[in-house]
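One point on numbering: in this note's numbering, the residue at position 43 of the sequence shown is 55, and numbering is uninterrupted. Glycine included, C-beta positions come from ideal geometry on N, C-alpha and C. Have a look at the structure below, then the notes.
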Amino acid sequence: MILILASSSPRRYQILTLLKAAFLMVPPEANEKSEPQWSPSEEALGLAQRKAASIANRFPTGVVLGSDTLINLNGQKIGKPENKTAAGRILSDLRGRTHEVLTGVAMLHSASGKSIEWIEAVKVTMRYFSDAELEAYASSEEPLDKAGAYSLQGKGRSLIERLEGDYLAAVGLPLKAVANGLRSLGVPVTVDVDKLYEERDFLNWRTFPC
(Lines of atoms letter the chains of each structure in order from A and count residues from 1; the text may use other names and numbers.)
(Lines give C-alpha, C1' and ligand atoms only; values in the text may rest on other atoms or scores of the structure.)
Protein backbone atom coordinates (compact mmCIF):
# COMPACT_ATOMS: atom_id res chain seq x y z
CA MET A 1 0.00 0.00 0.00
CA ILE A 2 1.43 3.35 -1.04
CA LEU A 3 1.93 6.17 1.46
CA ILE A 4 1.56 9.77 0.30
CA LEU A 5 2.70 12.78 2.31
CA ALA A 6 0.47 15.72 1.36
CA SER A 7 3.08 18.37 1.98
CA SER A 8 5.81 20.54 0.53
CA SER A 9 7.60 20.82 3.89
CA PRO A 10 11.23 19.65 3.91
CA ARG A 11 10.95 19.17 7.69
CA ARG A 12 8.05 16.72 7.44
CA TYR A 13 9.83 14.92 4.62
CA GLN A 14 12.95 14.54 6.78
CA ILE A 15 10.97 13.25 9.75
CA LEU A 16 8.97 10.72 7.72
CA THR A 17 12.15 9.32 6.16
CA LEU A 18 13.15 8.15 9.66
CA LEU A 19 10.61 5.33 9.22
CA LYS A 20 12.66 4.05 6.27
CA ALA A 21 9.45 3.35 4.37
CA ALA A 22 8.77 4.23 0.74
CA PHE A 23 6.47 7.21 0.27
CA LEU A 24 5.63 9.97 -2.18
CA MET A 25 5.62 13.64 -1.23
CA VAL A 26 2.92 15.51 -3.14
CA PRO A 27 2.14 19.20 -2.56
CA PRO A 28 -1.45 19.62 -1.36
CA GLU A 29 -3.97 21.50 -3.46
CA ALA A 30 -5.86 22.86 -0.47
CA ASN A 31 -6.94 26.30 0.65
CA GLU A 32 -4.62 26.88 3.61
CA LYS A 33 -6.17 30.20 4.61
CA SER A 34 -6.81 30.71 8.32
CA GLU A 35 -10.47 30.67 9.37
CA PRO A 36 -11.24 33.39 11.96
CA GLN A 37 -13.92 31.31 13.69
CA TRP A 38 -11.63 28.35 14.30
CA SER A 39 -9.85 27.83 17.60
CA PRO A 40 -6.11 27.06 17.37
CA SER A 41 -6.78 23.30 17.67
CA GLU A 42 -9.62 23.43 15.14
CA GLU A 43 -7.39 25.24 12.67
CA ALA A 44 -4.43 22.86 12.99
CA LEU A 45 -6.69 19.85 12.47
CA GLY A 46 -8.88 21.51 9.85
CA LEU A 47 -5.94 22.44 7.66
CA ALA A 48 -4.44 18.96 8.05
CA GLN A 49 -7.76 17.49 6.89
CA ARG A 50 -7.90 19.86 3.93
CA LYS A 51 -4.39 18.96 2.84
CA ALA A 52 -5.03 15.22 2.95
CA ALA A 53 -8.44 15.47 1.30
CA SER A 54 -7.16 17.72 -1.50
CA ILE A 55 -5.16 14.91 -3.14
CA ALA A 56 -6.84 11.78 -1.76
CA ASN A 57 -8.85 11.17 -4.96
CA ARG A 58 -5.58 10.94 -6.92
CA PHE A 59 -4.45 7.98 -4.79
CA PRO A 60 -7.60 5.93 -4.10
CA THR A 61 -5.73 2.86 -2.88
CA GLY A 62 -3.10 4.72 -0.86
CA VAL A 63 -2.93 6.29 2.57
CA VAL A 64 -2.66 10.07 2.42
CA LEU A 65 -1.07 11.91 5.34
CA GLY A 66 -1.73 15.60 5.91
CA SER A 67 -0.36 17.71 8.73
CA ASP A 68 -0.37 21.33 9.87
CA THR A 69 1.46 23.08 12.68
CA LEU A 70 0.73 26.37 14.39
CA ILE A 71 1.37 28.17 17.66
CA ASN A 72 -1.24 28.71 20.35
CA LEU A 73 -0.37 31.60 22.66
CA ASN A 74 -3.21 31.87 25.18
CA GLY A 75 -5.81 31.30 22.47
CA GLN A 76 -4.05 33.42 19.85
CA LYS A 77 -3.22 31.58 16.62
CA ILE A 78 0.27 32.23 15.30
CA GLY A 79 1.42 30.82 11.99
CA LYS A 80 4.34 31.68 9.73
CA PRO A 81 5.54 35.29 9.54
CA GLU A 82 4.98 37.14 6.28
CA ASN A 83 8.32 38.95 6.51
CA LYS A 84 11.21 39.68 8.86
CA THR A 85 9.36 42.52 10.58
CA ALA A 86 6.47 40.19 11.38
CA ALA A 87 8.98 37.60 12.62
CA GLY A 88 10.35 40.13 15.08
CA ARG A 89 6.88 40.94 16.39
CA ILE A 90 6.04 37.26 16.88
CA LEU A 91 9.30 36.55 18.69
CA SER A 92 8.75 39.55 20.93
CA ASP A 93 5.32 38.17 21.88
CA LEU A 94 6.74 34.70 22.61
CA ARG A 95 9.82 35.86 24.52
CA GLY A 96 9.88 34.76 28.16
CA ARG A 97 6.55 32.93 27.84
CA THR A 98 5.21 29.41 27.41
CA HIS A 99 3.18 28.56 24.32
CA GLU A 100 1.74 25.44 22.71
CA VAL A 101 2.90 24.01 19.42
CA LEU A 102 -0.15 22.30 17.93
CA THR A 103 0.27 19.80 15.12
CA GLY A 104 -2.86 18.45 13.48
CA VAL A 105 -2.62 15.15 11.63
CA ALA A 106 -5.12 13.58 9.22
CA MET A 107 -4.63 10.17 7.61
CA LEU A 108 -7.07 9.03 4.91
CA HIS A 109 -7.49 5.67 3.19
CA SER A 110 -10.07 6.27 0.47
CA ALA A 111 -10.46 2.61 -0.53
CA SER A 112 -11.74 1.59 2.89
CA GLY A 113 -13.20 4.94 3.93
CA LYS A 114 -11.09 4.86 7.07
CA SER A 115 -9.51 7.96 8.55
CA ILE A 116 -7.50 8.82 11.64
CA GLU A 117 -7.23 12.37 12.93
CA TRP A 118 -5.74 13.93 16.02
CA ILE A 119 -3.96 16.91 17.55
CA GLU A 120 -0.53 16.66 19.16
CA ALA A 121 0.30 19.44 21.65
CA VAL A 122 3.79 20.35 22.86
CA LYS A 123 4.60 23.04 25.42
CA VAL A 124 7.56 25.26 24.60
CA THR A 125 8.99 27.93 26.90
CA MET A 126 11.20 30.63 25.47
CA ARG A 127 13.85 32.26 27.59
CA TYR A 128 13.90 36.04 27.93
CA PHE A 129 16.51 36.69 25.25
CA SER A 130 17.93 40.15 24.63
CA ASP A 131 16.69 42.64 22.04
CA ALA A 132 19.97 42.19 20.18
CA GLU A 133 19.43 38.41 20.01
CA LEU A 134 15.86 38.95 18.85
CA GLU A 135 16.89 41.35 16.10
CA ALA A 136 19.75 39.14 14.93
CA TYR A 137 17.56 36.05 14.67
CA ALA A 138 14.53 37.84 13.18
CA SER A 139 16.72 39.39 10.48
CA SER A 140 17.98 35.97 9.35
CA GLU A 141 16.18 33.81 6.81
CA GLU A 142 15.44 30.98 9.25
CA PRO A 143 12.18 32.28 10.81
CA LEU A 144 10.38 32.99 7.55
CA ASP A 145 8.84 29.58 6.82
CA LYS A 146 8.39 28.45 10.42
CA ALA A 147 5.26 28.56 12.57
CA GLY A 148 6.04 30.92 15.43
CA ALA A 149 9.01 32.39 13.54
CA TYR A 150 11.58 30.02 15.01
CA SER A 151 13.20 26.69 14.22
CA LEU A 152 13.76 24.14 16.98
CA GLN A 153 16.06 22.15 14.74
CA GLY A 154 18.08 25.20 13.71
CA LYS A 155 19.59 28.27 15.34
CA GLY A 156 16.25 28.99 16.99
CA ARG A 157 17.12 26.26 19.49
CA SER A 158 19.16 28.88 21.38
CA LEU A 159 15.96 30.80 22.16
CA ILE A 160 14.30 27.86 23.90
CA GLU A 161 14.45 27.25 27.63
CA ARG A 162 12.26 24.15 27.88
CA LEU A 163 10.22 21.73 25.76
CA GLU A 164 7.57 19.38 27.15
CA GLY A 165 6.26 16.72 24.76
CA ASP A 166 7.21 15.12 21.46
CA TYR A 167 10.11 17.03 19.89
CA LEU A 168 9.27 15.73 16.41
CA ALA A 169 5.67 16.90 16.79
CA ALA A 170 6.95 20.39 17.54
CA VAL A 171 9.14 20.26 14.44
CA GLY A 172 6.15 19.24 12.32
CA LEU A 173 5.19 15.55 12.55
CA PRO A 174 4.58 13.33 15.64
CA LEU A 175 6.33 10.29 14.24
CA LYS A 176 5.49 7.76 16.96
CA ALA A 177 1.77 8.48 16.72
CA VAL A 178 1.98 8.53 12.91
CA ALA A 179 3.63 5.09 12.92
CA ASN A 180 0.82 3.71 15.08
CA GLY A 181 -1.76 5.23 12.76
CA LEU A 182 -0.11 3.77 9.67
CA ARG A 183 -0.11 0.30 11.20
CA SER A 184 -3.81 0.56 11.99
CA LEU A 185 -4.50 1.48 8.36
CA GLY A 186 -2.50 -1.45 7.02
CA VAL A 187 0.78 0.28 6.17
CA PRO A 188 3.71 -1.80 7.48
CA VAL A 189 6.19 -0.04 9.76
CA THR A 190 9.35 -2.09 10.27
CA VAL A 191 11.49 0.45 12.12
CA ASP A 192 11.70 0.20 15.91
CA VAL A 193 10.14 3.59 16.64
CA ASP A 194 10.61 3.27 20.40
CA LYS A 195 14.35 2.81 19.85
CA LEU A 196 14.37 5.78 17.50
CA TYR A 197 12.84 7.90 20.25
CA GLU A 198 15.41 6.60 22.73
CA GLU A 199 18.35 7.43 20.45
CA ARG A 200 16.91 10.82 19.35
CA ASP A 201 19.33 11.02 16.44
CA PHE A 202 17.76 13.97 14.61
CA LEU A 203 19.15 17.50 14.47
CA ASN A 204 18.75 19.23 17.89
CA TRP A 205 16.64 16.48 19.46
CA ARG A 206 19.35 15.38 21.90
CA THR A 207 19.79 18.91 23.25
CA PHE A 208 16.45 18.62 25.05
CA PRO A 209 16.16 16.49 28.23
CA CYS A 210 14.10 13.33 27.87
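Would you decide whether residue i is buried or exposed? Buried here means 16 or more other CB atoms lie within 10 Å of its CB.
i, result
"PRO52", "buried"
"GLN88", "exposed"
"GLN61", "buried"
"GLN165", "buried"
"ARG139", "exposed"
"ALA123", "exposed"
Do residue j and residue i have their beta-carbon atoms positioned less than 8 Å apart in this structure?
i, j, result
"ALA181", "GLY91", "no"
"THR115", "PRO39", "no"
"VAL12", "SER79", "The shown model of the chain, from 13 to 222, leaves out residue 12, and the question about it has no answer."
"LEU28", "PRO93", "no"
"THR81", "GLY184", "yes"
"LEU31", "ALA189", "no"
"ILE128", "SER196", "yes"
"THR137", "ARG169", "no"
Let me know the secondary structure DSSP gives residue i once reduced to three states.
i, result
"GLY58", "helix"
"ALA133", "strand"
"SER66", "helix"
"ILE102", "helix"
"ASP206", "helix"
"GLY96", "In the sequence as displayed, the identity of residue 96 is Lys instead of Gly. DSSP places LYS96 in helix when its eight states are reduced to three."
"ALA118", "strand"
"GLU176", "strand"
"LEU28", "helix"
Hey, out of the options, whose CA is closest to residue i's CA?
i, options, result
"TRP217", "LEU197, ILE172, GLY193 and PRO72", "ILE172"
"GLU112", "GLY168, ALA99, LEU85 and GLU94", "LEU85"
"ILE16", "TRP50, GLU47, GLN49 and ASN69", "ASN69"
"GLU147", "GLU210, ARG107 and GLU54", "ARG107"
"GLY74", "MET119, GLY100 and GLY58", "MET119"
"ALA161", "LEU215, ASN43 and ARG101", "ARG101"
"SER152", "PHE214, ALA98 and THR219", "ALA98"
Could you tell me how far apart the beta carbons of residue i and residue j are, in whole angstroms, since I believe they sit closer than 8 Å?
i, j, result
"ALA34", "ILE67", "Actually they are not in contact, since the Cβ atoms of ALA34 and ILE67 sit about 17 Å apart, beyond 8 Å."
"LEU103", "ALA150", "6 Å"
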